[in-house]
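Read the structure below first, then the notes.
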Amino acid sequence: MKTIIEPFRIKSVEPIRMTTREERERLLKEAGYNLFKLHSDDVLIDLLTDSGTSAMSAAQWGAVMTGDESYAGAPSFYRFEAAVRDLMDFKHIIPAHQGRAAEHLLFSLIAKPGLVIPSNTHFDTTRGNIEAAGAEALDLPIAEGKIPSLDHPFKGNMDLAELERLMAERGEDVPCVMMTITNNAGGGQPVSLENIRGAAEIAHAHGKPFFIDGCRFAENAWFIKLRENGQQDRSIKEIVRDTFRVSDGMTMSAKKDAFANIGGWLALNDDSLAEQARTRLIQTEGFPTYGGLAGRDLDAIAQGLTEIVDEDYLRYRVRTNAYIAERLDEMGVPVMKPAGGHAVFVDAREWLSHIPPLEYPGHALACALYEEGGIRGCEIGTVMFGRKPDGSEEPARMDLVRLAMPRRVYTQSHADYIVEVFEELAARKDDIRGLKIVKEPPMMRHFTAEFEPL
Ligand SMILES: *Cc1c(COP(=O)(O)O)cnc(C)c1O
């Protein structure tokens, strides 16, 4: 069968409030041309993030009702722990309210000034937590990972020669080696099992632990099954187990590949580190059998983990992005290749080449997508990264628009609609104008800055 259908039926729906183009132009103007300031019910297709926006299944909502809210020792915790351990067999599984809380626990214990923590590419919050502890967060992606238009099966891989060099030169300053799967900041690109094993081997050869930021572990396993030699006949669960078997622990956001709206965890094999982490957890998150979550959240995660490794789901998930990316590519819209697991990235600097980087082509495209079709994406470019600490400005490395797909939320006709909106824009793209910033905070300006069209 050629058509890959959504492998679910819909029992409960959220209506989309339809808006007109005139209304959207007014709403965007009132929001100071900042998409973060829109009310989400004024958005038709919300692709701002795939984090916490998943549709939960009937079984997850059922599990919510069985959640036990006891302060200590709730059965919900033991169901959560067993579900995690079924996929990732770590000795200590410590719940936290989000991925960044798990990162904070880990790095507040092992990072300090003078140390350096390498990764294929650190996610922003991971980098933030490492830097907050005074250590250096070092990205070592492979060269192919830095070229948007280049096709490569495992563009999220780490440059192992660079890692080896770092360990040889500064091994004693490296408290651990990290790997982010999939490589989110690098475009949702997968990491091969071979690369994961190689990085773990180098870390272990130098007596250092190897940790995985596993937010999109199931998508990564699906890409391994599709693309890595010898993995085609293996189940997703086997691949997931192999992925984590070589690691000494993980951080996780359950808002990604656990189909939950909130939650996360830190997992460790080291008894002493786990004891310190639990002590800190009690200070900052909660008792170790709930970690800042309600019992019902733990049950939603436990059930979600049994669903995320379903191949029919993963096939539909990854295909939706690939489909949109292929259609855009055919139309001449430059997209990051190949499509990543959770998002489509459009190279706005190249597509809207008449808009100079300091007039924010990525942001201009994001605004145009909203005005034209009510689609909310996210600029990842000069608005987000262009402001320097001294207040000056320079172009970011790239000006991209990320269209992140919530899990199980949108259907094929939504995907076709997204493509159509691009078709409309393509016909008048030379008229899309840049913007200037009229008000901005000293840092993290993309969330609150206000703009005016030029
Ligand atoms: C989302 C994310 C995090 C942080 O998780 P939160 O639950 O948002 O705090 C860390 N790493 C990666 C790769 C992520 O995508």
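Heads up: take any position in the sequence shown, counting from 1, add 2, and you land on this note's numbering.
Note that CB positions come from ideal geometry on N, CA and C, so glycine has one too.
Since this is a predicted model, take the numbers as computed values, not measurements.
CA-CA distance, residue i and residue j?
i      : j      : result
ASP141 : SER121 : 5 Å
LEU330 : PHE424 : 8 Å
HIS124 : ALA57  : 27 Å
ASN36  : GLY383 : 14 Å
ASN476 : ILE214 : With the chain covering only 3 through 456, there is no way to say anything about residue 476.
ILE238 : VAL86  : 14 Å
GLU174 : ARG409 : 41 Å
GLU221 : ILE284 : 32 Å
ALA84  : ARG167 : 39 Å
GLN191 : ILE149 : 12 Å
GLU442 : GLY34  : 11 Å
PHE387 : ALA302 : 35 Å
LEU49  : VAL348 : 13 Å
ARG435 : ILE420 : 21 Å
PRO444 : ALA60  : 44 Å
VAL337 : ARG321 : 15 Å
GLU24  : LEU40  : 15 Å
ARG1   : SER194 : The shown model of the chain, from 3 to 456, leaves out residue 1, and the question about it has no answer.
TYR292 : ALA76  : 8 Å
ALA145 : SER72  : 50 Å
VAL66  : ALA296 : 10 Å
Going by DSSP in three states, residue i sits in which element: helix, strand or coil?
i      : result
HIS41  : coil
GLN278 : helix
GLN100 : coil
ILE12  : coil
ILE149 : coil
LEU140 : strand
THR5   : coil
HIS206 : helix
HIS356 : coil
GLU381 : strand
MET338 : coil
For the beta strand (DSSP E) containing residue i, list its first residue and its last residue.
i      : result
PHE213 : 212-215
ILE119 : 118-121
ARG404 : 402-406
VAL346 : 345-349
THR182 : 179-182
GLU1   : As shown, the chain starts at 3 and ends at 456. That puts residue 1 outside it, with no answer to give.
What is the C-beta distance between residue i and residue j, in whole angstroms, given that I count them as a contact (C-beta under 8 Å)?
i      : j      : result
ILE198 : VAL248 : 6 Å
ARG19  : ALA304 : Incorrect: roughly 34 Å between the Cβ atoms, too far for contact.
At what residues does the alpha helix (DSSP H) containing residue i begin and finish?
i      : result
LYS441 : From DSSP, LYS441 is part of no alpha helix (DSSP H) but of the beta strand (DSSP E) over 437-441.
ARG229 : 219-229
VAL86  : 77-89
ILE420 : 414-429
PRO363 : 363-375
PHE387 : 384-387
ASN131 : 126-134
ASN323 : 313-332
ARG28  : 23-32
inquiry  = Just to confirm the assignment: which complete beta strand (DSSP E) runs, minimum length 3, are found wholly within the region 235-305?
reply    = 251-255, 266-270
task = Mind listing which residues have their beta carbon within less than 6 Å of any non-hydrogen atom of ligand 2? Chain order is fine.
result = Absent from the structure shown: ligand 2. Ligands present: ligand 1.
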